[in-house]
Amino acid sequence: MTGRTRRYEKRYDDLLGLFANEAAFTEIARTRGAEIAYRVDEFRPSDRAGDVIFGTSMLYPGRVGDEFIFTRGHIHAVSDRPEIYFCQSGHGVMLMELADGTIRTEEMTPNSVVYVAPHWIHRSVNVGTEPLVTLFCYPADAGQDYDIIASAGGMRDLIVDDGSGGWTRIPNPRYRPRVTGSGAA
Ligand SMILES: [Fe+2]
Numbered sequence: 001m002t003g004r005t006r007r008y009e010k011r012y013d014d015l016l017g018l019f020a021n022e023a024a025f026t027e028i029a030r031t032r033g034a035e036i037a038y039r040v041d042e043f044r045p046s047d048r049a050g051d052v053i054f055g056t057s058m059l060y061p062g063r064v065g066d067e068f069i070f071t072r073g074h075i076h077a078v079s080d081r082p083e084i085y086f087c088q089s090g091h092g093v094m095l096m097e098l099a100d101g102t103i104r105t106e107e108m109t110p111n112s113v114v115y116v117a118p119h120w121i122h123r124s125v126n127v128g129t130e131p132l133v134t135l136f137c138y139p140a141d142a143g144q145d146y147d148i149i150a151s152a153g154g155m156r157d158l159i160v161d162d163g164s165g166g167w168t169r170i171p172n173p174r175y176r177p178r179v180t181g182s183g184a185a
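If you count the sequence shown from 1, position 52 lands on 52 in full-length UniProt numbering, and the numbers rise without skipping.
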């Protein structure tokens, strides 16, 4: 991507505490902590509500124990702002969750598009063996809130190796349901 206004990279060391298997993470970080897990290039023309931010994300393949590597994930700080992701290459899963713990997954394969609707927490997971490359686009005033995941002990489900070359979803043992406002059951 040319003309970007920002690039950021996350190394394994930056992902401390995010994976369920802490012993597996420690072992990886010991030798590969400085290795880049993912890289985001973005073009942010302004922060105005009517503008859009777009860019590309490259999430390298990997696993921590049985859990597939993922981006940290967030909800938009202005939570009714949506996002679209176009998968250019690789094999991924968009893991989405509402504040009440409702979960949705959408598989990402080359030339597929995922719509992340307003109010959904979202995280990309690389379930393949190649880099997962996506193009994303979202309203310029959306912002990101990462704490909604951290304060709940992660997302409700983990995306793990199913033992036969695919992926499956299992409950996250560290998950603490959020106390949500009116409308929560
Ligand atoms: Fe987002």
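Note that CB positions come from ideal geometry on N, CA and C, so glycine has one too.
Assigned secondary structure, D19 (DSSP; H/G/I helix, E/B strand, else coil): According to the sequence provided, residue 19 is Phe. The question's Asp does not apply to it. DSSP places F19 in coil when its eight states are reduced to three.
Same chain only: Cβ atoms within 8 angstroms of I84, ignoring 5 sequence neighbours per side: Around I84: V113, V114, Y115, V116, F136, C137, Y138.
Any beta strand (DSSP E) of 3 or more consecutive residues that is wholly inside the segment 99–123: 103–108, 113–116
8 angstroms contact criterion, which V52 and A24 should meet: CB distance rounded: Actually they do not touch by this definition, with Cβ atoms about 38 angstroms apart.
Proximity of A150 and R176 at Cβ, strictly below 8 angstroms: no
According to DSSP, residues forming a beta bridge with P139: V52
The segment 88–95 in contact with the segment 30–49 per 3-pair CB rule at 8 angstroms: no
T168 in three-state terms, based on DSSP: strand
Those residues which DSSP pairs with R156 across a bridge: None, per the DSSP bridge assignment.
Collapsed DSSP secondary structure at R30 in the structure displayed: helix
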